[in-house]
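Novice: Starting off with a structure, shown below.
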């Protein structure tokens, strides 16, 4: 069964600095998708970024970028120029390309951005 | 465009009562998902539908839980009878499944359920 592991339950960073959140996953599939979702205190789940496993280029969305290492099954999220509004829980998620549309989530990392 | 709409946003009920959670997916989306979030188990899929048909209900805890999708714009998740261990945040999400499977799931604001 596919599993997603986020080894950092909590992290903190100073405003304007850069922080990296770790995620590893286990799968026997070759084609799949990876996602980072953000959950602020409002509890709304917000998509931050997605990566297709067949793409070698790392995805980037403004201040958010990923380091996707397929062989290592690693998918870390880098947040540059951290802002107070980035304070949230961050969840890494996996889904195979074919078959089930089920998202498998990690346990999450609580990120606090300090002024 | 309106996102996924869930109601109610908060629900407090007593053990043994029936609870019905509602979801309206994003217009045009053909897949709908129900997730539950608890401190102990994190986020887990309960059931999902594609074109109104249940595809995977392996996450439904037990017979007390049931879900329906009578049409493309509405789904319900019902718990009868409710128990304190059902207390959680229930999320509905939707996506548009096309060939290639590049769809992204968009989440509603969630329903926070407390069973006393």
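Chains as they are written, first to last, in my numbering: chain A, 9 to 123; chain B, 172 to 287.
Ideal Cβ placement from N, Cα and C applies to all residues, glycine included.
Note that the coordinates shown come from a computational prediction; the quantities given were computed from them, not determined experimentally.
1. Starting from the C-beta of residue 228 of chain B, find all residues in its chain whose C-beta is less than 7 angstroms away, skip the five residues before and the five after it, and write them out in chain order.
2. Do the segment 241–255 of chain B and the segment 180–200 of chain B meet, that is, are 3 or more Cβ pairs less than 8 angstroms apart?
3. Return the CA-CA distance between residue 196 of chain B and residue 216 of chain B, expressed in angstroms with no decimal places.
4. Using the three-state DSSP reduction, which class does residue 241 of chain B fall into: helix, strand or coil?
5. Less than 8 angstroms separating the beta-carbons of residue 115 of chain A and residue 213 of chain B?
6. Hey, out of A:84, A:113, A:47, whose CA is closest to residue 120 of chain A's CA?
7. If we require 3 or more residues per run, which beta strand (DSSP E) segments fall completely within the segment 43–100 of chain A?
8. Decide if residue 224 of chain B is buried, meaning its Cβ has at least 16 other Cβ atoms within 10 Å, or exposed.
9. Could you please tell me which residues of the segment 247–270 of chain B, in chain order, have their CB closer than 8 angstroms to any CB of chain A?
10. Out of curiosity, what's the CA-to-CA distance linking residue 265 of chain B and residue 245 of chain B?
11. Starting from the C-beta of residue 235 of chain B, find all residues in its chain whose C-beta is less than 7 angstroms away, skip the five residues before and the five after it, and write them out in chain order.
12. Between A:108, A:11, A:14, which lies nearest to residue 226 of chain B when the distance is taken from Cα to Cα?
13. Compute the Euclidean distance between the alpha carbons of residue 285 of chain B and residue 181 of chain B, then round it to the nearest angstrom.
14. Hey, out of A:91, A:38, A:35, A:50, whose CA is closest to residue 23 of chain A's CA?
15. Which residues in the same chain as residue 283 of chain B place their Cβ atom closer than 6 angstroms to its Cβ, once the five residues preceding and following it in sequence are excluded?
16. Starting from residue 99 of chain A, find everything on chain B with Cβ-Cβ shorter than 9 angstroms and list it in chain order.
17. Measure the CB-CB distance between residue 44 of chain A and residue 102 of chain A and report whether it falls below 8 angstroms.
18. Whose CA, out of B:238, B:281, B:257, B:179, lies closest to the CA of residue 187 of chain B?
19. Closer than 9 angstroms between beta carbons: that is the criterion. Which residues of the segment 175–192 of chain B meet it against chain A?
Specialist: Here's the rundown:
1. Working through the second chain from its first residue, we reach residue 228 of chain B at position 57. Excluding sequence neighbours, residue 228 of chain B sits near 218.
2. By the C-beta criterion, the segment 241–255 of chain B is judged to be in contact with the segment 180–200 of chain B, since at least 3 inter-stretch pairs fall below 8 angstroms.
3. Translated into positions along the second chain, residue 196 of chain B becomes position 25. Translated into positions along the second chain, residue 216 of chain B becomes position 45. Taking the straight line joining both Cα atoms gives about 16 angstroms.
4. Within the second chain, numbered from 1, the residue matching residue 241 of chain B stands at position 70. Look at residue 241 of chain B here: in three-state DSSP terms it is strand.
5. Against the first chain, residue 115 of chain A aligns to sequence position 107. Against the second chain, residue 213 of chain B aligns to sequence position 42. It is a contact, given that the beta carbons lie within the stated cut-off.
6. Locating residue 120 of chain A in the first chain gives position 112, where the first residue counts as 1. Ranked by Cα distance from residue 120 of chain A, the options A:84, A:113, A:47 are led by A:47.
7. Note on the segment 43–100 of chain A: whole beta strand (DSSP E) runs with a minimum of 3 residues are 54–60, 72–77, 82–87, in chain order.
8. Translated into positions along the second chain, residue 224 of chain B becomes position 53. Classification of residue 224 of chain B: exposed, given that the 10 Å Cβ count is below 16.
9. Correct list: 260, 262, 264, 266, 268.
10. One-based indexing of the second chain puts residue 265 of chain B at position 94. One-based indexing of the second chain puts residue 245 of chain B at position 74. Between residue 265 of chain B and residue 245 of chain B, the C-alpha separation is close to 11 angstroms.
11. As a working note, residue 235 of chain B is residue 64 in the second chain. The answer, listed in chain order, is 250, 251, 252.
12. Here residue 226 of chain B is taken as the residue at index 55 of the second chain, counted from 1. Checking every option, the nearest Cα to that of residue 226 of chain B belongs to A:108.
13. Taking the first residue of the second chain as position 1, residue 285 of chain B is located at position 114. Taking the first residue of the second chain as position 1, residue 181 of chain B is located at position 10. If you take the alpha carbons of residue 285 of chain B and residue 181 of chain B, they lie about 8 angstroms apart.
14. Walking along the first chain from the start, residue 23 of chain A turns up at place 15. The residue with the shortest Cα to Cα distance from residue 23 of chain A is A:91.
15. Here residue 283 of chain B refers to the residue found at position 112 of the second chain. Once the five neighbours on either side are set aside, the close Cβ partners of residue 283 of chain B are 181, 260.
16. The residue you call residue 99 of chain A lines up with position 91 of the first chain. Those within 9 angstroms of residue 99 of chain A in chain B are 213, 214.
17. As a first step, residue 44 of chain A is located in the first chain; it is residue number 36 there, counting from the start. As a first step, residue 102 of chain A is located in the first chain; it is residue number 94 there, counting from the start. For residue 44 of chain A and residue 102 of chain A, no; Cβs fall outside 8 angstroms.
18. Counted from its first residue, the second chain places residue 187 of chain B at position 16. With distances taken between Cα atoms, residue 187 of chain B lies closest to B:257.
19. Residues of the segment 175–192 of chain B with a C-beta atom less than 9 angstroms from some C-beta of chain A do not occur.
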